[in-house]
């Protein structure tokens, strides 16, 4: 786990770089969102609702790192172990698979298997999502302290701040059980303002991040199925569909799969956010429309990065 002691054990230059990067991200976040406008916001929850991104949220991101070194809001010295949430009633979407081929990330195999058993999402799919989302060093080792300077995304799952808080507020999730056990939730189940830093800091904890990915994937796959998307017959498979929803959010994922892409404005905004204005302009010119350019880029990324078979051995 990436707790306060582990964070303090990092070289001073690494700790300073992480804190500086977080502070810098707060300012770049403002500039980035101002450039993209309201439609460019990617903090999506439940069908595309775009929650506000206020100064408290930006401050909480920085506090989440400061909390690890004892300079920010204090967290419990020993977080209570969460009660094991009930597994989804939905059966696993693929046959039983053992995760392997993790290389330098083998240390995460137990967490992947446990999260898979609890949610019914194959461990190989979870590994593929982490491998596509997390930063990696030259050896391919996943970087638990990964940060995206252009958004609030952090950790192995690159969860946005509001999405992560939403998972903490969703009954039945691993994170909700932990938050409840530590007294971080209010009477109505919302994350307390004074606990936001502690909750957001858990994105840097690999066990919490992997369980968050599993719960988010379960919710998204169930949502896609309710929307009429056939999980079993889908060409991209469970891992690819789970990643698509993880990347786009459930609302945009449903629209993408129903219509073969997003509308022009939304597609242009997301493509610009992913590859930058220059590259997005070239891609749009080549494809003819922003919707086609974004679709080509996203499906190409999924094809290249989401390979659950790389981590699998069928039992």
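Residue numbers (this note's numbering): 112 to 426.
We treat Cβ as the ideally placed atom computed from N, Cα and C, and that holds for glycine.
Secondary-structure assignment with DSSP links residue 258 through a beta bridge to 265. For residue 213, the secondary structure class from DSSP, reduced to helix, strand or coil, is coil.
Under the three-state reduction of DSSP output, residue 295 falls in the coil class, being neither helix nor strand.
Looking from the CA of residue 234, the closest CA among 300, 411, 371, 349 belongs to 349.
In this chain, the alpha helix (DSSP H) harbouring residue 276 covers 272-279. Shown here for residue 406: same chain residues with a beta carbon closer than 6 Å to its own, the five before and five after excluded, namely 372 in chain order. Here the C-alpha atom of residue 248 lies approximately 16 Å from the C-alpha atom of residue 315.
Cβ atoms of residue 306 and residue 227 stay farther apart than 8 Å, at about 28 Å.
In the DSSP assignment, residue 323 falls within the unbroken alpha helix (DSSP H) covering 317-337.
By the Cβ neighbour-count rule, residue 323 is buried, with 16 or more other Cβ atoms within 10 Å of its own.
Following the DSSP letters along the chain, one finds residue 365 inside the alpha helix (DSSP H) bounded by residues 361-370. It is roughly 6 Å from the alpha-carbon of residue 278 to the alpha-carbon of residue 286. Only residues of its own chain outside the window of five on either side were considered, and among them 331, 364 have a CB closer than 6 Å to the CB of residue 356, listed in chain order.
Taking residue 266 as the centre and dropping the five residues before and after it, the same chain places the C-beta of 255, 257, 314, 315, 320 closer than 7 Å to its C-beta, in chain order. The criterion of a C-beta distance shorter than 9 Å is satisfied by residue 280 and residue 301. Under the DSSP assignment, residue 402 falls in the alpha helix (DSSP H) whose first and last residues are 401-416. From the listed residues 217, 232, 224, the smallest Cα separation to residue 351 is found for 232. For residue 220 and residue 213, the gap between their C-alpha atoms comes out near 8 Å.
In this model, residue 218 and residue 404 are separated by some 38 Å (Cα to Cα).
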